[in-house]
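Presented below is the structure to which this report refers.
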Amino acid sequence: MHNKNLSYRADIDGLRAVAVMLVVLNHVGFSLFSGGFVGVDVFFVISGYLITGIILGQVGKGTFSFTDFYLRRARRILPALYVVLLCVMVAGYYFFLPSDYSALSQSTLSAIFFASNLFFWKNSGGYFSSSSEEMPLLHIWSLSVEEQFYFIWPLALLLILKLKAQSARLAVASVLVVTSFALAELGVRNEWSSAYFLLPSRAGELLIGALLAFWLAKRQPVNRASVIANMLSIVGLLMVLVPAFVLNKTSGFPGINALIPCAGAGLIIVSRAIGKNLISLMLESRPFVFIGLISYSLYLWHWPLISFLHYSRVEITIEIALGVVFASIVLGYLSWRFVEQAFRHNNKPVGKGFAAATALAGLFVVSFPIAVYLKDGIPSRFPFAMLTQDQLTAELNRYWSGIETTSMVAKFDSTKGQRKIVVVGNSHAYDFSYALTENEFNGQLKLIATPHFCFNFSHDYGSLGKIEECKHALKMVLESPELRTADAIYLHDNWDGKNLGGLSDMINKIRSINSAPIYVIGPKMVFLNTAPKISKEAQIERHVTVASINEFSRRFEAPEKFEYDDELKAFFKEKEFKDVQYVSALDVQCGAERKCDILSESGEYLYFDYGHFTLAGSKRFGKSLKEKFSYLF
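Note that this note's numbering gives residue 316 to position 307 of the sequence shown, counting from 1, and the numbers run on in steps of one.
Next comes the structure, spelled out in structure tokens:
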């Protein structure tokens, strides 16, 4: 920051350039810079040094004012930030699905009030999680940490300055640094997500810069070469760069690992105060200073570009990565030249017209995301709005609990003269039961549930500890009075394992106690992701019709279900069990062309998740089933 109270040092702008480029190159995916996120820590040290130095200079002259300090911070930070926030919200309108746009509006509001670190701590799943890649404002967490620090530090600094001895001031600041890093290391070792995002574990990095400002307060850079300065600067640069190359997202961070680049940045800052050196000459060169000058705007712009590419499922190749870097520099320059500069160095008194315009602009910046949030992400923009997880859970609970109270019998009533049907199976048998009851089923239906891991009406050899539990559950099935008196027995699970011998044994055991017809219902299609997520992926790629979303969903089908269906057909044809019929659910669901859908013709979801039908899905399946096998009803 240029300020007459603190001598301008071009090498610090050059150090900013190193910091921002480490972050950008890491974010665009260059594996060489796997630890490039340490650039943020370098920024913190620089910021702590500069801001503390400015305050010390003004206090020494008797010109420090809290009002002036925060007005300067606002002019420095807010204009470029608000432009980026507005652009991201506008872009989100065209790219983001409703649930994601609503989340974006919340992250925008948190950015406006410098609470992004709190928001992402609670909502991101962690800075390095894959879901974080689709959050365009994730990077604002660091700005929030910085501003939270400056809400506290000026007053704390004035209190520290009441101590007469410089050694006492340094001691207090040092204790704060050690405490913060100790807390960060404790958080890393205990895997606290708060350690990465929250101020207490990050304040030490800014305070390292503050310590440097205390120490160098009355020292002007020496303009002659120095061997010691060269040594310090080279070691410092290595301490910044080596972690950027060696660390990765699995490294414990921040903690002690963050201390290394922070100390390195400190050595670089100190080295130039001691004398000219090779590193300072490099950092003071025009390319480095240029990137350093635009580093704030460059930082603001780079991550939204990357995040929208991730959201749009664009693979970031080397060519695209270089394009993102170039675009970020261009946008950073334009933002610095026409936004930052316009406000930052305008020290004229604030007129009424300007104040009113600023207030209106601020009101719009705040009201835009509030309106989006209140409108649930404006779902009218897309034909198939995403169900929220809460809505899905509520529907799922109603679905699975409702069948027991409205569609089944606890035991058969022989006086009614109706057919008595038993359906045996796991959670997928619920789907089949609804398929019957929602399509004018004529009879009494009893569902006998089995554990989800007892595949093929036997036990799951992949979970040896469950064998006894399956044996007991299937024993209870065979001992059920309803099974013994049923007029027909339907067996259905989703055949996640292959144990045809166990299935054959179960059929024979049922046959030994009841001669009624047995219908074995084969697997239905399951997907490699949930239907809502597949639909989301499809709409992101601009598949916005029922037909195109269903076609897109076939990329996620589990083809082994068709293979197992064919095996079961051959198995029952070969075995020729008496009065046992195999019914291919896939033939019913997907037709001869084997095209399975996740949306109905009217756009309703047919699946809750990866493989369980919604009520609409069961109705649709049951309708097709009734057309082909009316005697099952």
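Positions of the beta carbon are idealized from the N, C-alpha and C atoms, including for glycine. Since the structure is predicted, the reported quantities are computational estimates derived from the model, not experimental observations.
Residue 633 sits close to residue 598, with the two beta carbons spaced by under 8 Å. When the five nearest sequence neighbours on each side are left out, the beta carbons in the same chain lying within less than 8 Å of the beta carbon of residue 291 are those of 23 and 297, in order along the chain. If you check the CB distance, residue 46 and residue 35 come in under 8 Å. Here residue 43 has 257 as same chain residues with Cβ atoms under 6 Å from its own Cβ, once five neighbours each way along the sequence are excluded. Residue 319 has its alpha-carbon roughly 42 Å from the corresponding atom of residue 166. In the three-state reduction of the DSSP assignment, residue 332 falls in the helix class. By the CB criterion at 8 Å, residue 93 and residue 310 fall inside the cutoff. Bridge pairing for residue 244: absent [DSSP]. When beta bridges are read from the DSSP output, residue 433 appears opposite 457 and 500. DSSP lists no bridge partner for residue 419. Linking residue 124 to residue 150 through their CA atoms gives a straight-line distance of about 7 Å. Separation of residue 322 and residue 379 (C-alpha to C-alpha, rounded to the nearest whole angstrom) is 28 Å. Here residue 234 is exposed, its C-beta having fewer than 16 other C-beta atoms within 10 Å. Within the segment 38-89, no run of beta strand (DSSP E) reaches 3 residues while sitting entirely inside it. Under the three-state reduction of DSSP, residue 234 is assigned to strand. The shortest C-alpha to C-alpha distance from residue 287 to any of 567, 245 and 427 is the one to 245. The Cβ neighbour count for residue 263, taken over all protein chains shown within 10 Å, is at least 16; the residue is labelled buried. In this structure, the straight-line span from the alpha carbon of residue 225 to that of residue 282 is close to 8 Å. If you draw a straight line from the Cα of residue 615 to the Cα of residue 621, it is about 8 Å long.
Beta-bridge partners assigned by DSSP to residue 529: 500 and 591. In the structure shown, residue 566 adopts extended strand secondary structure according to DSSP, grouped into three states. Distance from the CA atom of residue 173 to the CA atom of residue 284, rounded to whole angstroms, is 29 Å. In the DSSP assignment, residue 507 falls outside any alpha helix (DSSP H) and carries neither an H nor an E.
By alpha-carbon distance to residue 503, the top candidate from 530, 375, 230 and 600 is 530.
Fewer than three beta-carbon pairs drawn from the segment 488-498 and the segment 546-560 are found closer than 8 Å, and the two stretches are therefore not classed as touching. Where residue 540 is concerned, the enclosing alpha helix (DSSP H) starts and stops at 540-549. In this structure, residue 449 sits away from residue 206, with a CB-CB distance that is not shorter than 8 Å.
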